[in-house]
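Protein sequences, first through last, are from chains F and A. Under the numbering used here, the first residue of the first sequence is numbered 16, with each subsequent residue one higher. Under the numbering used here, the first residue of the second sequence is numbered 347, with each subsequent residue one higher. Worksheet for the structure shown next.
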Amino acid sequence: MKKVISTLIMLSLLAPFAQEAVCKEKKEIKKKDVKQIIGKEETKKSTGKKVIKKAKEEPANEAIAIIKKMEEKASTDASRSEISMLTYPYADDDEDFREMKVIAYSKGEDNSYMEFVSPRSIKGMCMLSLDGDQWVYFPSTSRVRKIAGKSKKKTVKGVGGDFTYEDMGGGGDFEEKYDLKLVMIKEKEWVIEGIPKEDSSCSKVLLYVDKEYNMIRVEYYTEDDGHLKTLSQYDIKDYDGREMPSKMVMENHIKETKTVILIHKAEYDIKIDKKYFSPTRFYK
Amino acid sequence: MKLEERIMKAIANFVVKRYKLIPVIAVVLFILSLLAAKNITMKTEMKDMLPEGNPQIQSYIEIYDDFQGGAFVFLTVEGNDKKQMIDCAEDLAAEIRSREDIMQYVKAMKVKTDRDFVTNWGLMLSKAKDIKNTKKMFSRLNILPFLDSLNNSFEETYTGDEAEEDIETSKQENEATVMLNQMETFFVMLRQYLEHPEAMPVQEQGKELADTFLYGNLYNFCPDNSMLMFSITPNFDPMQIKKTMDLIGSIKEVVAKAQKQYPDLFVSYTGDVAVGADEQTAMGFDMAVPALVALVLMIILFAFSFSQLRVIVFSLIALIFGIVYTYGLLGITIKEVNLMTSAMAVLLLGLGIDYGIQILTNFTTYRKNGYSPEDAMKNTYIKSGMGTFLAALTTALGFFVLGFTGSKMFSQFGFLMGMGIVSCYISMTFILPSLLLWFGKKELTSSRIPTLSYNFITKLGLFTNKKRTVTLILGAIVTLGLFAAIFKNEFDYDLMNMEPQHMPSIIQYDKIEEKYSMNPFTNMVIAEDIDDARELTRSLEKIRMIAEVTSLATMIPTDKEQKARLKEIAKIRNMPARYTARTYSESDIDKFAEQVQRVEYNIIEMGDLSVAGLGDNNKITNKRNEIIREIFGAEVGKEGKEVFQKLIELVKSNPKLYAARLTKLDKHFAREMNKIVTNMSNITRNITLADLPKEALDSMLHEDGKRNLVTLYPRQGLLKDINDMERLNKRMHKVSPKITGMTPIITEWMNELLPSSRNAAIYIFITVFIFMLITFRSLKYSILASIPLLIGMIWMLGIQPLLGIKLNFLNYAFIPMVIGMGIDFGIHLVHRFITEDGDIETTYKYTGKAVFLSATTTMIGFGSLALIGSFPSIASIGSILFFGIGACLLSALIILPALLKKK
Chain F
16 MKKVISTLIM LSLLAPFAQE AVCKEKKEIK KKDVKQIIGK EETKKSTGKK VIKKAKEEPA
76 NEAIAIIKKM EEKASTDASR SEISMLTYPY ADDDEDFREM KVIAYSKGED NSYMEFVSPR
136 SIKGMCMLSL DGDQWVYFPS TSRVRKIAGK SKKKTVKGVG GDFTYEDMGG GGDFEEKYDL
196 KLVMIKEKEW VIEGIPKEDS SCSKVLLYVD KEYNMIRVEY YTEDDGHLKT LSQYDIKDYD
256 GREMPSKMVM ENHIKETKTV ILIHKAEYDI KIDKKYFSPT RFYK
Chain A
347 MKLEERIMKA IANFVVKRYK LIPVIAVVLF ILSLLAAKNI TMKTEMKDML PEGNPQIQSY
407 IEIYDDFQGG AFVFLTVEGN DKKQMIDCAE DLAAEIRSRE DIMQYVKAMK VKTDRDFVTN
467 WGLMLSKAKD IKNTKKMFSR LNILPFLDSL NNSFEETYTG DEAEEDIETS KQENEATVML
527 NQMETFFVML RQYLEHPEAM PVQEQGKELA DTFLYGNLYN FCPDNSMLMF SITPNFDPMQ
587 IKKTMDLIGS IKEVVAKAQK QYPDLFVSYT GDVAVGADEQ TAMGFDMAVP ALVALVLMII
647 LFAFSFSQLR VIVFSLIALI FGIVYTYGLL GITIKEVNLM TSAMAVLLLG LGIDYGIQIL
707 TNFTTYRKNG YSPEDAMKNT YIKSGMGTFL AALTTALGFF VLGFTGSKMF SQFGFLMGMG
767 IVSCYISMTF ILPSLLLWFG KKELTSSRIP TLSYNFITKL GLFTNKKRTV TLILGAIVTL
827 GLFAAIFKNE FDYDLMNMEP QHMPSIIQYD KIEEKYSMNP FTNMVIAEDI DDARELTRSL
887 EKIRMIAEVT SLATMIPTDK EQKARLKEIA KIRNMPARYT ARTYSESDID KFAEQVQRVE
947 YNIIEMGDLS VAGLGDNNKI TNKRNEIIRE IFGAEVGKEG KEVFQKLIEL VKSNPKLYAA
1007 RLTKLDKHFA REMNKIVTNM SNITRNITLA DLPKEALDSM LHEDGKRNLV TLYPRQGLLK
1067 DINDMERLNK RMHKVSPKIT GMTPIITEWM NELLPSSRNA AIYIFITVFI FMLITFRSLK
1127 YSILASIPLL IGMIWMLGIQ PLLGIKLNFL NYAFIPMVIG MGIDFGIHLV HRFITEDGDI
1187 ETTYKYTGKA VFLSATTTMI GFGSLALIGS FPSIASIGSI LFFGIGACLL SALIILPALL
1247 KKK
């Protein structure tokens, strides 16, 4: 159950995408710095000099600026999305998978509501995540379970997934969670290293951000396993005027499993009925 | 005079001069061949056709030697009454034990789980965490608090806020299904008692209820309890056909007796050993009946085609001699036949007769035209001898090149068929003419049977030769249409579809797949010791495509695990009083109903959550839907047994009455539960191999006391698709490359067969074409001779989907044969066309008729297989060859004349 719930939480947070979880105020404060640093990078490009290099000057500021810009691009107050989650027990076998479809609503940083559309047997099952608490509603029995204090480090296998709660950015933005440093500038992307500030399931992350400020890949490292997982984002599409990846693949290199998330439809900055974010809704 | 003509003339002179000596030599060779053929052994398994160096084959052989191949016979009892089904199974087992003719072949028989073993070691086989949960349940054994503890345990494990268990693997799915089955039985029995307390003394009711909860089903019932199955492990290698047939023959008798005794039940059998025995029976029919039917039809055809009946006998004698020579050569060379080469005799019947037909047709036609026997024979050799020789040589060469495909089965098959063609050709070239000259009538007399003239062949040839443009345009349209249809061909990967579906073992095989959601054909691996078995078992249990793993390791936890479990068991042992005397009030009935409702809710939610890991329609949701009303999310589906709601309705209908009945039952239930729990918790030491049930040790442990067999059953439907099988193999191979059995061997075989078959077709065609280039010394004539085959192949492959016939691994493997046979028609006709200086009429009058008769006899042979063969696989081979030969013949008679032009 624990894993199931974690996955539900993760799915609900996918609605606005990982990058979106950022406070508006912070973005405004840093906008000026972002412009300056990015401007510097563009000048370098225009000189035609070698573009793949190790970032030397102010790597932390550069990294923060890039991440902020990326997060700014993806931020939203509220969203609605239709998502499929495909779990593959074997990463190298594309034929063996289970699919679940959900409609997810998100509000702010942590609050989300989602409802299963398929498989048919669990159609109507709902999940609410509100201020750190979670509720699950089973339509088949009309019972509600309140789940509290789940570990963010837990891997969400089961309903499927190689994601952990924290992988999805739930509970804070990158700057808040990691000490960031720009470690490499490639022709088409930046590579930013993130060292967790607090206790985390991984010891290091490498974020690959393209020059359009899209997160294209995240590599997760641990002390014990080395390169544990890779999250790749593909197929940038226009959703409601925003360019976002429509496919995310999280591959666990140790367990040799993978989870694919497909975004079929997404709407941003929309008005969402308050009823979705009220636990009393379940207790009627 | 051309060289080829000189050679044929020399042979003709030799035969005409020595026609009395040749049959004598032939008889001597015939006897020698019969003696040599005694060396041949029959190997009928797929593994015999695979390379011996293959590690899976080596493992398979090792398992055969040490564990008798992990093969099983499954006995099944179907019905609605569980008690009656158990009685029937016990009677079956008792009958088997009493019969020496069966027990001499039985290594182990497992009818049910050993109750004493469960009492002694049941707790030890549970995880420490689960024992801890169980302890809470065992602390309150009165029915109402027990139900509360049961719900708590359920929620802690599956559905609660802190639940740790996600249901993802087949093992978890099986365990959960068994638990639901147990719950169903428990609550149904509870209701039955409350409703009819007079049916059985209350002490017995209490005992039965406690037994049901703590022991569950000791018999192997399917999830809906409509089938009970138990297994027999034979003590012999299932390759031993006689023992297999004897064992299954006796088991059939036992099954028939039980069926008579229990007419309300359905008793049957299956398993790889049983399927093997049923196959042998069906194979016997397929080898004999279609061949006999074909022979009769051929004789009738010959009778209407040749005026002298004796010539038919001569040609059959010559053919049999040719085939026996082939087996003689086989007896001194390869010395074995396998599943593929066993069909050789039937194929040689069809192919070898063709050379005789060429001789007979020409000889009898020349005789009718007034030639003396000697001159008719000389003309036959000169005019058609080289064509026949070329056809035989190309066919033989085509088969011989199969040796270069790199496949053991194709190499053997090619070598034997090549030898067979050469033997039959020599036999037909020397023995048949000698018999015709020696015993044939000197004067032609009119036959009492009207003889067919086959003039239509000549007329057809002349017509299409004249109307070549129309013929070629129509031919091109038909060919293009059928070429497009080729891409509609479907491939049937399900090997079980190639088995005769009426066989009892196949019917039960399908039922077991459906009812137990697993395939009864096993895969297995030898573990070097228990630690190795444990590692293998754990890894295999994670593979979702595996339904079940059986291993001694599941009964021997690690020392560390055992230590932790003993600690928890000791806590149960040392518990204070586990129950009290309790009187139920009317308000307790409300609480009781609440707990029953809670159980139902927990079961429903467990089903919901299982969908995440196992998908829709898994065993848990199916079982759940059977015992409650079917749930589809917010929707409500069909009614189930309503196990819980009926109980709630009952107790609520008269709380006072049922409170009194519950009080009575509770006393005995709690006491009995306490007794069993006390016995179960009396364990103070580790479990060892010596503690395991005898039948488990007999079937899984090697004599050395260390090596043991891990057996795994694939999920339902897995053998239906080659892709699924390959995916399972890949997973299993990662766990251990030594895992062998049905899935790896079938896959290996299929993987070898498809490319080998394709390569064989290409090699045969190229070789034959090169040979034609050398002999015809003309690219044009070589192409012309190939055209009937090429067009025929297109027609053959295009007709299949239009008639709804699917390709499969066996008929696909026989496609190269069509090349070997179909090319002959073009060679015969083109060669005769050249010999006759472009005379279409003579070509089709002599050789056209011969080609028609050759093809017709071959088609009769294959057609009888297609229509009468009880094995769909054999029928499918007959069918594809029938259409292949038929298409090549039509093309040779219709299209080829339109392409032949006089210089």
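C-beta: ideal position from N, C-alpha, C; glycine also.
Beyond the five residues adjoining it in sequence on each side, residue 81 (chain F) comes within less than 6 angstroms, by CB distance, of 205, 224 in the same chain, given in chain order. Within the same chain, no residue comes within 7 angstroms of residue 820 (chain A) by CB-CB distance, once the 5 residues on both sides are set aside. Boundaries for residue 1248 (chain A): no beta strand (DSSP E) harbours it, and the DSSP string shows neither H nor E there.
CA-to-CA, the gap between residue 502 (chain A) and residue 99 (chain F) works out to about 29 angstroms.
A residue is called buried when at least 16 other Cβ atoms come within 10 angstroms of its Cβ; residue 492 (chain A) meets this threshold and is buried. With respect to chain F, the C-beta atom of residue 966 (chain A) has no partner C-beta closer than 8 angstroms. Assignment of residue 141 (chain F) by DSSP, reduced to helix, strand and coil, places it in the strand class. Interface residue (Cβ-Cβ distance to chain A less than 8 angstroms): residue 136 (chain F) is classified as such. The C-beta of residue 714 (chain A) has fewer than 16 other C-beta atoms within 10 Å across all chains shown, which makes the residue exposed. With respect to the 8 angstroms criterion, residue 950 (chain A) and residue 156 (chain F) are classified as neighbours on the basis of their beta carbons.
Residues of chain F whose Cβ lies closer than 8 angstroms to the Cβ of residue 1068 (chain A) do not exist; the shortest such Cβ separation is about 12 angstroms. Interface with chain A (8 angstroms Cβ-Cβ cutoff): residue 108 (chain F) is included. Close to chain F, meaning a Cβ-Cβ distance shorter than 9 angstroms, are the following residues of the segment 932-953 of chain A: 946, 947, 948, 950, 951, 953. In the DSSP assignment, residue 120 (chain F) forms a beta bridge with F:95, F:128. A residue is called buried when at least 16 other Cβ atoms come within 10 angstroms of its Cβ; residue 665 (chain A) meets this threshold and is buried.
When 9 angstroms is used as the limit between beta carbons, residue 152 (chain F) is near no residue of chain A, the shortest such separation being about 11 angstroms. Taking 8 angstroms as the cut-off, the Cβ atoms of residue 94 (chain F) and residue 121 (chain F) count as close. The bridge partners DSSP lists for residue 1055 (chain A) are A:872. Taking 8 angstroms as the cut-off, the beta carbon of residue 894 (chain A) is found closer than this to the beta carbon of residue 864 (chain A).
Shortest Cα-Cα distance from residue 959 (chain A) to any of F:90, F:92, F:115 involves F:115. When CB distances to chain A are screened at a threshold of 8 angstroms, not a single residue of the segment 261-276 of chain F falls below it. Taking residue 368 (chain A) as the centre and dropping the five residues before and after it, the same chain places the C-beta of 776, 780 closer than 6 angstroms to its C-beta, in chain order. The CB of residue 962 (chain A) comes closer than 8 angstroms to the CB of 134, 135, 136 in chain F, given here in chain order. One Cα belongs to residue 1185 (chain A), the other to residue 1246 (chain A), and the distance between them is close to 10 angstroms.
If the five residues before and after residue 424 (chain A) are omitted, its C-beta is found closer than 7 angstroms to the C-beta atoms of 572, 573, 611, 612, all from its own chain and listed in chain order.
Beta bridge pairing from DSSP links residue 1108 (chain A) with no other residue.
In the three-state scheme derived from DSSP, where H, G and I count as helix and E and B as strand, residue 1174 (chain A) is classed as helix.
Below 8 angstroms, too few C-beta pairs join the segment 545-563 of chain A and the segment 440-450 of chain A to call them touching: fewer than three. When the Cα atoms are used, residue 738 (chain A) and residue 1122 (chain A) turn out to be separated by approximately 15 angstroms.
Within the model, the alpha-carbon separation for residue 272 (chain F) versus residue 606 (chain A) is close to 53 angstroms.
Within chain F, the residues placing a beta-carbon under 8 angstroms from that of residue 890 (chain A) are 104, 111, ordered along the chain. Rounded to the nearest whole angstrom, the C-alpha separation of residue 252 (chain F) and residue 148 (chain F) is 32 angstroms. The Cβ atoms of residue 469 (chain A) and residue 1026 (chain A) lie closer than 8 angstroms to each other.
DSSP, read as helix, strand or coil, puts residue 133 (chain F) in strand. Contact holds between the segment 897-908 of chain A and the segment 870-883 of chain A, because three or more Cβ pairs, one in each stretch, are under 8 angstroms apart. Its chain contains 667, 777 as the residues whose beta carbon lies nearer than 6 angstroms to that of residue 372 (chain A), once the 5 sequence neighbours on both sides are disregarded; these appear in chain order.
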